[in-house]
Amino acid sequence: MIRTRLIVANWKMNPATPDEAHMIAKDIRKRARSFGRSRIVICPPFLFLEGVSHAIARARKMALGAQDVFVGAGAAHTGEIGPDMLKKSGAKYVIIGHSEKRAAGDTDDIVKTKLLGALLAGLSPILCIGEAVRNDHGDHYKEIRRELLAAIEKLPKKLAKKLIIAYEPVWAIGKSEKDAMQPAALREMAIFIRKILHDVFGKANADSVPILYGGSVTKGNGESIVKDGNVDGLLVGRESLHAESFADLAAEIGK
Ligand code: PGA
Numbered sequence: 064m065i066r067t068r069l070i071v072a073n074w075k076m077n078p079a080t081p082d083e084a085h086m087i088a089k090d091i092r093k094r095a096r097s098f099g100r101s102r103i104v105i106c107p108p109f110l111f112l113e114g115v116s117h118a119i120a121r122a123r124k125m126a127l128g129a130q131d132v133f134v135g136a137g138a139a140h141t142g143e144i145g146p147d148m149l150k151k152s153g154a155k156y157v158i159i160g161h162s163e164k165r166a167a168g169d170t171d172d173i174v175k176t177k178l179l180g181a182l183l184a185g186l187s188p189i190l191c192i193g194e195a196v197r198n199d200h201g202d203h204y205k206e207i208r209r210e211l212l213a214a215i216e217k218l219p220k221k222l223a224k225k226l227i228i229a230y231e232p233v234w235a236i237g238k239s240e241k242d243a244m245q246p247a248a249l250r251e252m253a254i255f256i257r258k259i260l261h262d263v264f265g266k267a268n269a270d271s272v273p274i275l276y277g278g279s280v281t282k283g284n285g286e287s288i289v290k291d292g293n294v295d296g297l298l299v300g301r302e303s304l305h306a307e308s309f310a311d312l313a314a315e316i317g318k
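If you want our numbering, it's the position in the sequence shown, counting the first as 1, plus 63.
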C-alpha cells in the first residue's frame with residue numbers, strides 16, 4: 064500500500080514572534096507543490112495558531128496542529144486551552160504525551176485522558192511514546208509496551224482511525240544528526256508497535272494508524288529513516304524551523 068507520508072513540525076517554544084511564525088509557515092507553503100505524497104502538519108505555540116492558520120490557508124498538503132491540550136472539561140480553568148477550542152481554531156491535530164510534557168508532569172493517566180478528549184473533539188492526536196534509555200536486556204520494549212497500552216488499551220476501536228503514533232526515543236531528541244536512531248533498530252521497533260496496535264484494535268483498524276519517528280531528524284537523515292526504518296513519517300523539532308530544508312525533506316520523502 065502506498066501511504067501518505069506525514070511530517071509533523073513541532074516548533075516547541077519557537078519562534079520568538081508572531082511575524083516570524085507567519086513567515087516560516089509561508090515559506091514552507093511556497094514549496095508545497097513539491098511535497099508529492101507528503102503532508103505537513105505545523106504545530107506552533109498556541110499563541111501563533113491563528114497566524115499560522117492564515118499563512119497555510121487552503122494549502123491542500125498542509126494542516127495545523129497544537130502541541131498540547133487541556134486534560135479536563137468545563138471552562139473554569141485559568142490558563143488552559145481545551146480540545147473543542149483547538150478544533151474551532153482550525154487545528155486538526157494535537158501532540159499528546161511529548162516527553163517534555165511527561166517530564167513536566169503528564170502521567171500515563173493524564174496522557175490517556177487527553178487522548179480521549181482530543182479524539183472525542185474530532186482532533187487527530189499524535190501520541191508520543193519513547194524510552195528514556197536502552198539496554199541489552201531489551202527493557203525499552205517493555206517500557207514502550209507499557210506506555211502505549213496505558214494510553215490506548217481502553218479506547219473504543221472505532222476511534223483508532225484518527226490516531227497517530229510518534230515513536231520518539233528520549234535519548235535521541237535534541238541531539239546531532241548522527242545521534243538519531245539507526246533505521247535498522249527503528250524498523251524492529253516499528254514492527255513491535257504495529258503488533259501492539261493489532262492486538263488492541265484488530266488488524267483492519269490498526270493498519271491505518273501511522274507510525275512516525277522523532278528525534279534529531281534532519282534533511283540529511285530523514286529520508287533514510289523513513290524508507291529504511293519503515294515508518295510512515297516524522298516528528299521534527301529544530302529542523303522544522305528552517306523552512307527550506309524542512310520543505311526539501313518533505314519533498315524527498317514524498318517522491
Ligand atoms: P528534535 O526534536 O527534532 O529537535 O530532536 C524532536 C521532538 O522533540 O519532537
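Cβ coordinates follow ideal geometry from the N, Cα and C atoms, glycine included.
Computed from a predicted structure; not experimentally measured.
Should residue i go down as buried or exposed, given a rule of 16 or more other Cβ atoms within 10 Å for buried?
i: H161; result: buried
i: D295; result: buried
i: H85; result: buried
i: E302; result: buried
i: K175; result: buried
i: P219; result: exposed
i: D169; result: buried
Less than 7 Å separating the beta-carbons of residue i and residue j?
i: S187; j: K224; result: no
i: G99; j: K238; result: no
i: I227; j: P273; result: yes
i: S97; j: A306; result: no
i: G283; j: E240; result: yes
i: I189; j: L211; result: no
i: N293; j: A253; result: yes
i: S101; j: R66; result: no
i: H203; j: R197; result: yes
i: G278; j: L297; result: no
i: A229; j: A235; result: no
i: G180; j: P146; result: yes
Look up residue i in the DSSP assignment and say whether it is helix, strand or coil.
i: L222; result: helix
i: P78; result: coil
i: G244; result: The residue asked about is misnamed: residue 244 is Met in this sequence, not Gly. Coil.
i: L179; result: helix
i: R68; result: strand
i: I215; result: helix
i: L186; result: coil
i: S101; result: strand
i: G193; result: coil
i: A319; result: Residue 319 is absent from the structure shown; the chain starts at 64 and stops at 318.
i: N268; result: helix
i: V289; result: helix
i: I259; result: helix
i: A229; result: strand
i: I159; result: strand
i: I91; result: helix
i: G114; result: helix
i: G237; result: coil
i: I274; result: strand
i: V174; result: helix
i: G135; result: coil
i: G296; result: strand
Cutting at 7 Å between CB atoms, please list the residues of its own chain near residue i, excluding the five before and the five after it.
i: V88; result: Checking the displayed sequence, the identity of residue 88 turns out to be Ala instead of Val. These residues qualify, in order along the chain: I105, V115, A118 and I119.
i: L260; result: A269 and V272
i: T281; result: E240 and E302
Leaving aside the five residues before and after residue i along the sequence, list all residues of the same chain whose C-beta is less than 8 Å from its C-beta, in chain order.
i: A95; result: I103, A122, R123, K124, M125 and A310
i: H140; result: F133
i: D90; result: A306, E307 and A310
i: K150; result: A184, G185 and L186
By Cβ distance, which residues of its chain are closer than 6 Å to residue i, with the 5 residues on each side in sequence left out?
i: I215; result: V263
i: I288; result: P246 and Y276
i: K177; result: V132, V134 and I159
i: I70; result: S101, I103, G296, L297 and A313
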